[in-house]
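Single-structure report; data block below.
2 protein chains.
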Amino acid sequence: MFDVFENYLNNHGIFDYEDFDLIRSVSFCKKLNKKDYLLREGDICRHKTFVCKGCLRSYRIDKDGTESILNFAIERRWINDDVNFQIGEPSSTIIDALEDSEVIQWSNENFRMLLATIPSFNLFYRKHLEESLNEKQRRIISILSNNAQERYEEFINNFPKLYNRIPLYMIASYLGMSRETLSRARSIPQYTRYHHNRESILGATY
Amino acid sequence: MFDVFENYLNNHGIFDYEDFDLIRSVSFCKKLNKKDYLLREGDICRHKTFVCKGCLRSYRIDKDGTESILNFAIERRWINDDVNFQIGEPSSTIIDALEDSEVIQWSNENFRMLLATIPSFNLFYRKHLEESLNEKQRRIISILSNNAQERYEEFINNFPKLYNRIPLYMIASYLGMSRETLSRARSIPQYTRYHHNRESILGATY
DNA sequence: CGATTCTTTGAAAACAGTCAATCTGTGTGG
DNA sequence: CCACACAGATTGACTGTTTTCAAAGAATCG
Chain A
23 MFDVFENYLN NHGIFDYEDF DLIRSVSFCK KLNKKDYLLR EGDICRHKTF VCKGCLRSYR
83 IDKDGTESIL NFAIERRWIN DDVNFQIGEP SSTIIDALED SEVIQWSNEN FRMLLATIPS
143 FNLFYRKHLE ESLNEKQRRI ISILSNNAQE RYEEFINNFP KLYNRIPLYM IASYLGMSRE
203 TLSRARSIPQ YTRYHHNRES ILGATY
Chain B
23 MFDVFENYLN NHGIFDYEDF DLIRSVSFCK KLNKKDYLLR EGDICRHKTF VCKGCLRSYR
83 IDKDGTESIL NFAIERRWIN DDVNFQIGEP SSTIIDALED SEVIQWSNEN FRMLLATIPS
143 FNLFYRKHLE ESLNEKQRRI ISILSNNAQE RYEEFINNFP KLYNRIPLYM IASYLGMSRE
203 TLSRARSIPQ YTRYHHNRES ILGATY
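If you read the sequences in order, they're chains A and B. For the first sequence, my numbering assigns the number 23 to the initial residue and increments by one for each residue that follows. For the second sequence, my numbering assigns the number 23 to the initial residue and increments by one for each residue that follows.
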């Protein structure tokens, strides 16, 4: 299982055997069956988690009882359990497996040790954080400036290896729309395109 | 100007005189008048930017010509110019000043040098990135699961020092709603107290 | 002042959400 | 192999919210 992570790291920096030995010595591998929880609501324990195989999601239960999916993670991606909310918020993050999965975890303490000890690991992680920030910013922009159908198309393009492995209603939740709206966006893409054309023609007339 | 940043850093880690000397030696201070651009559309130059005084915003022009505000930054906050988009996207990030402002900038190259040289600076910046990630994740959740009134109320609570310094239509843009919708959300009796506060502050102080 | 800029309001249209019923595919047990 | 349950997806009718367009009011600034 660890070789997946070793391969991943080799694609993101230069590491030697000593580095890998140290990293491996504080890694905890975990196997999950589909529907198993990695983190239940209320758990306080915080980890860094890397997905070697399978697919996981993080989500919350809103005040009205509906699920809001924060993120998906397939193989060679990270999944966070560290989204803190204001005091008084009723729910926190939940993580579970959408497929039989394998993950590697590090306690935050050990992860900090690795960052302080291995310069190229530190460098890699900073780049990773900055790229994650950009990814989230792009998602915000997409929600703010695109309609249902555009957001779905963007999702397909951004996650070509993911979109056909998860049920549509989860994609709808991730995109912030009802499953019915996503269903309709998928079924009549021509309508929306036509409609946009009409708007731009109208816009050009004055 | 640099003393604001020195004070900020002292609140986020332990630094000695040598550290500050090194940091100062690669800092570039800039004064901006209201409406000045810090980064125009199409500029390739990337920096890390810290706001010492005033208020800035980053935004994009969408394909239909409307502005989407990504972030605001007041004193003791950072403002990013590094949101990369897919190839073919027509527009990129723009940053301008909403008030007369003072900022400190570092080239990405010098910033990397600081991170590699000063361990506590590296530690501080990583915490900062992780907190920024959480902030963006919270914003995504807020957009996905709250309506117009709730999002406005949350904005007021989250940015008490910011909300009465910028025009409402910019808040609307940041929250992903039309200015008219925000205006109506504010006029609901439940929220008029904010309205009154703002008016009295404006009337008394400015 | 006048000229901007910003905010509010009204009415109509577009859009997404909700509820309920139906359809589809998959896997299980008899 | 069939019948069945079940999870997921779709569709229609209806409701509610937000956007859009247009106009008019405030506030601000030179």
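Ideal Cβ positions, reconstructed from N, Cα and C, are used throughout, including at glycine. Note that the structure is predicted; figures quoted are calculated from it, not measured.
Under 6 Å Cβ to Cβ from B:Asp41, same chain only, skipping five residues before and after it: list those, please. Taking the second sequence and counting its residues from 1, one reaches residue 41 of chain B at position 19. Answer for B:Asp41: Ile140, listed in chain order.
Can you tell which of B:Arg208, B:Asn186, B:Asn102 and B:Phe143 has the C-alpha that lies nearest to the C-alpha of B:Lys70? The residue you call residue 70 of chain B lines up with position 48 of the second sequence. With distances taken between Cα atoms, B:Lys70 lies closest to B:Asn102.
Here's the rule: buried if 16 or more other CB atoms are within 10 angstroms of the residue's CB, otherwise exposed. What is B:Gly87? Mapped onto the second sequence, residue 87 of chain B falls at position 65. With fewer than 16 other Cβ atoms within 10 Å, it is exposed.
Identify every run of the beta strand (DSSP E) within the region 29-114 of chain A, keeping only runs that are complete inside it and at least 3 residues long; order them along the chain. Note on the region 29-114 of chain A: whole beta strand (DSSP E) runs with a minimum of 3 residues are 50-54, 59-61, 69-75, 77-83, 89-96 and 99-101, in chain order.
Coil, strand or helix - A:Glu152 by DSSP: Taking the first residue of the first sequence as position 1, residue 152 of chain A is located at position 130. Looking at A:Glu152 - three-state DSSP - the assignment turns out to be helix.
Whole-angstrom distance between A:Phe72 and A:Trp100, CA atom to CA atom: Walking along the first sequence from the start, residue 100 of chain A turns up at place 78. Walking along the first sequence from the start, residue 72 of chain A turns up at place 50. Rounded to whole angstroms, A:Trp100 and A:Phe72 show a C-alpha spacing of 4 Å.
Where A:Asp25 falls: helix, strand or coil (DSSP): Start at 1 with the first residue of the first sequence, and residue 25 of chain A comes out as number 3. Looking at A:Asp25 - three-state DSSP - the assignment turns out to be helix.
A:Ser90 versus B:Ala170: straight-line alpha-carbon distance, rounded: In the first sequence, counting from the first residue as 1, residue 90 of chain A sits at position 68. In the second sequence, counting from the first residue as 1, residue 170 of chain B sits at position 148. If you draw a straight line from the Cα of A:Ser90 to the Cα of B:Ala170, it is about 18 Å long.
Please confirm whether A:Arg148 has its beta-carbon closer than 8 Å to some beta-carbon of chain B. Within the first sequence, numbered from 1, the residue matching residue 148 of chain A stands at position 126. Any Cβ of chain B closer than 8 Å to the Cβ of A:Arg148 would place that residue at the interface, and such an atom is present.
How would you label A:Ala138, buried or exposed, when you count the other beta carbons within 10 angstroms and need 16 or more for buried? On the first sequence, residue 138 of chain A is found 116 positions in, with the first residue counted as 1. Classification of A:Ala138: exposed, given that the 10 Å Cβ count is below 16.
Would you mind working out which of B:Leu190, B:Glu202 and B:Leu184 sits nearest B:Lys75, comparing C-alpha positions? Residue mapping note: residue 75 of chain B aligns to position 53 of the second sequence, counting from 1. Its Cα nearest to that of B:Lys75, the residue B:Leu184 stands out among B:Leu190, B:Glu202 and B:Leu184.
Range of the contiguous beta strand (DSSP E) that encloses B:Ile188: The count along the second sequence starts at 1 and reaches residue 188 of chain B at position 166. If you look at B:Ile188, you'll find it isn't in any beta strand (DSSP E); DSSP assigns it neither H nor E.
If you count every other CB in all the chains shown that lies within 10 Å of the CB of A:Cys77, and 16 or more means buried, which is it? Counting from 1 along the first sequence, the entry for residue 77 of chain A is found at position 55. A:Cys77 comes out buried.
Inspect the beta-carbon positions of B:Arg201 and B:Tyr191 and report whether they are closer than 8 Å. The residue given as residue 201 of chain B occupies position 179 in the second sequence. The residue given as residue 191 of chain B occupies position 169 in the second sequence. Against a cut-off of 8 Å, the Cβ pair of B:Tyr191 and B:Arg201 comes out as a contact.
Would you call B:Tyr174 buried or exposed, if buried means 16 or more other Cβ atoms sit within 10 Å of its Cβ? For this step, residue 174 of chain B is matched to residue 152 along the second sequence. B:Tyr174 is buried by the Cβ-count criterion.
So who's on the other strand from A:Asp118, going by DSSP bridges? Mapped onto the first sequence, residue 118 of chain A falls at position 96. According to DSSP, A:Asp118 bridges with A:Tyr59 and A:Arg79.
Any C-beta of chain A within less than 7 Å: which residues of the region 33-47 of chain B qualify? For the region 33-47 of chain B, there are no residues whose beta carbon sits under 7 Å from a beta carbon of chain A.
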